[in-house]
Amino acid sequence: MNENRLREQSPSAVLKAPAFLDIGGLGGARYRDLLFFDLGEYEGAKIEKATLSLYWYYPAGVSRLKNTIVEVYRPAFPWTSDFVSWNNREKNTSWANTGGDWIDKIGIPQGNTPFASFEIRGMDLPDNKYYELDITELVRGYAEGKYENTGLLLKAKPEDSNYIAFYSAKAGGPEKEPKLKISITEDVYTASIMIQCKSLLEAQALAGDLRAHIGSRAIEIYSKV
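Sequential numbering of the sequence shown, starting at 58, is according to my numbering.
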């Protein structure tokens with residue numbers, strides 16, 4: 058997994074493998090994040106469900122003036138973790154829109170319909186637990202080749218006086234890091250196998266051998282007189 062912060066106050070800074078992931082607005086500046094999960098093993102798979110989990114921990118014991126709606130969008134272009142920043146997505150390649158280019162759920166560039174979202178009220182205090190985002194449609198699009206896998210862009214709505222932070226992989230470790238859980242639908246095939254045997258006894262013996270390989274599936278034995 059690759060993680061990068063995008064910080065408006067440091068527009069050229071590459072904030073790779075950060076100690077935390079933060080979104081929202083604070084002091085007139087905005088904060089966003091990019092995540093990338095390698096989905097190569099799911100290429101062509103039938104994605105049943107995909108859930109992104111983020112562990113909220115900051116600001117501890119402090120409320121905010123406004124609610125924070127956490128949103129997930131599809132980055133419009135590939136980006137490189139070693140070079141991405143608020144201004145740039147690649148080395149010497151700028152975003153068309155500072156702060157990142159994205160496509161929303163209905164295909165609109167810089168649109169406002171996220172693939173998934175949840176809301177944290179300004180009065181709520183960090184409860185040190187995971188919050189989940191159902192990003193099945195986006196991950197399914199990546200797995201089926203509908204989109205190039207450009208990862209996830211996290212941002213808040215609005216981006217003013219509602220700054221919050223989640224654990225990153227670096228700080229959270231296995232128990233608190235961002236997690237992407239994917240379940241797939243397995244294709245079930247049924248087939249008939251016909252093997253010629255010299256006698257019913259031979260067929261029954263063969264059935265015993267087959268049972269070790271096919272488990273509890275039904276075996277029908279026929280004898281031809």
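Each residue gets a CB set at the ideal place from its N, CA and C atoms; glycine is no exception.
When you compare only the Cα positions, how much space is there between residue i and residue j?
i, j, result
"Asp-191", "Arg-197", "11 Å"
"Phe-140", "Asp-181", "35 Å"
"Lys-162", "Gln-253", "56 Å"
"Leu-267", "Ser-256", "17 Å"
"Glu-105", "Trp-136", "27 Å"
"Tyr-188", "Leu-109", "8 Å"
"Gly-230", "Phe-77", "11 Å"
"Ala-102", "Ile-160", "23 Å"
"Pro-166", "Gly-157", "11 Å"
"Ala-70", "Leu-211", "18 Å"
"Asn-149", "Ser-138", "13 Å"
"Glu-232", "Tyr-112", "9 Å"
"Gly-202", "Gly-97", "11 Å"
"Arg-146", "Val-129", "18 Å"
"Tyr-204", "Arg-64", "27 Å"
"Leu-237", "Asp-95", "10 Å"
"Thr-155", "Tyr-224", "25 Å"
"Arg-121", "Gly-84", "12 Å"
Starting from the C-beta of residue i, find all residues in its chain whose C-beta is less than 8 Å away, skip the five residues before and the five after it, and write them out in chain order.
i, result
"Pro-116", "Pro-183, Tyr-220, Ile-221 and Ala-222"
"Lys-123", "Gly-179, Pro-215, Asp-217, Ser-218 and Asn-219"
"Phe-175", "Ile-126, Val-127, Tyr-188, Glu-189 and Leu-190"
"Gly-164", "none"
Given residue i, which residues of its chain have a CB within under 7 Å of its CB, disregarding the five upstream and five downstream residues?
i, result
"Ala-226", "Met-58, Glu-60, Glu-234 and Pro-235"
"Glu-216", "Gly-81, Gly-82 and Arg-87"
"Ser-240", "Glu-105 and Lys-106"
"Phe-134", "Arg-146, Asp-158 and Thr-207"
"Ser-151", "Asn-144 and Asn-145"
For residue i, count neighbouring C-beta atoms within 10 Å of its own C-beta (all shown protein chains included) and say buried if the count is 16 or more, exposed if not.
i, result
"Ser-283", "Here the chain has residues from 58 to 282 only, and residue 283 is not among them."
"Thr-207", "buried"
"Asp-79", "buried"
"Ile-177", "buried"
"Val-119", "exposed"
"Pro-68", "exposed"
"Ala-262", "exposed"
"Lys-258", "As written in the sequence, residue 258 is Leu, which differs from the Lys given in the question. Exposed."
"Ala-153", "exposed"
Since residue i contacts residue j with CB under 8 Å, what's their CB separation in whole angstroms?
i, j, result
"Tyr-99", "Ala-228", "In fact, because the Cβ distance is near 27 Å, the residues do not count as touching under 8 Å."
"Val-127", "Ala-213", "6 Å"
"Leu-72", "Arg-131", "Their Cβ separation, rounded to whole angstroms, is 21 Å, which puts Leu-72 and Arg-131 out of contact at 8 Å."
"Thr-193", "Ala-107", "5 Å"
Residues in the same chain with beta-carbon distance under 6 Å from residue i, minus the five sequence neighbours each way, listed in chain order, please.
i, result
"Asn-185", "Tyr-114"
"Thr-125", "Gly-81, Ile-177, Ala-213, Asn-219 and Ile-221"
"Arg-62", "Leu-72, Pro-75 and Asp-90"
"Leu-209", "Leu-92 and Val-129"
"Gln-66", "Ala-86"
Inset, instruction - Check whether the region 78 to 96 touches the region 168 to 177, taking contact to mean three or more Cβ pairs, one atom from each stretch, closer than 8 Å. - result: no
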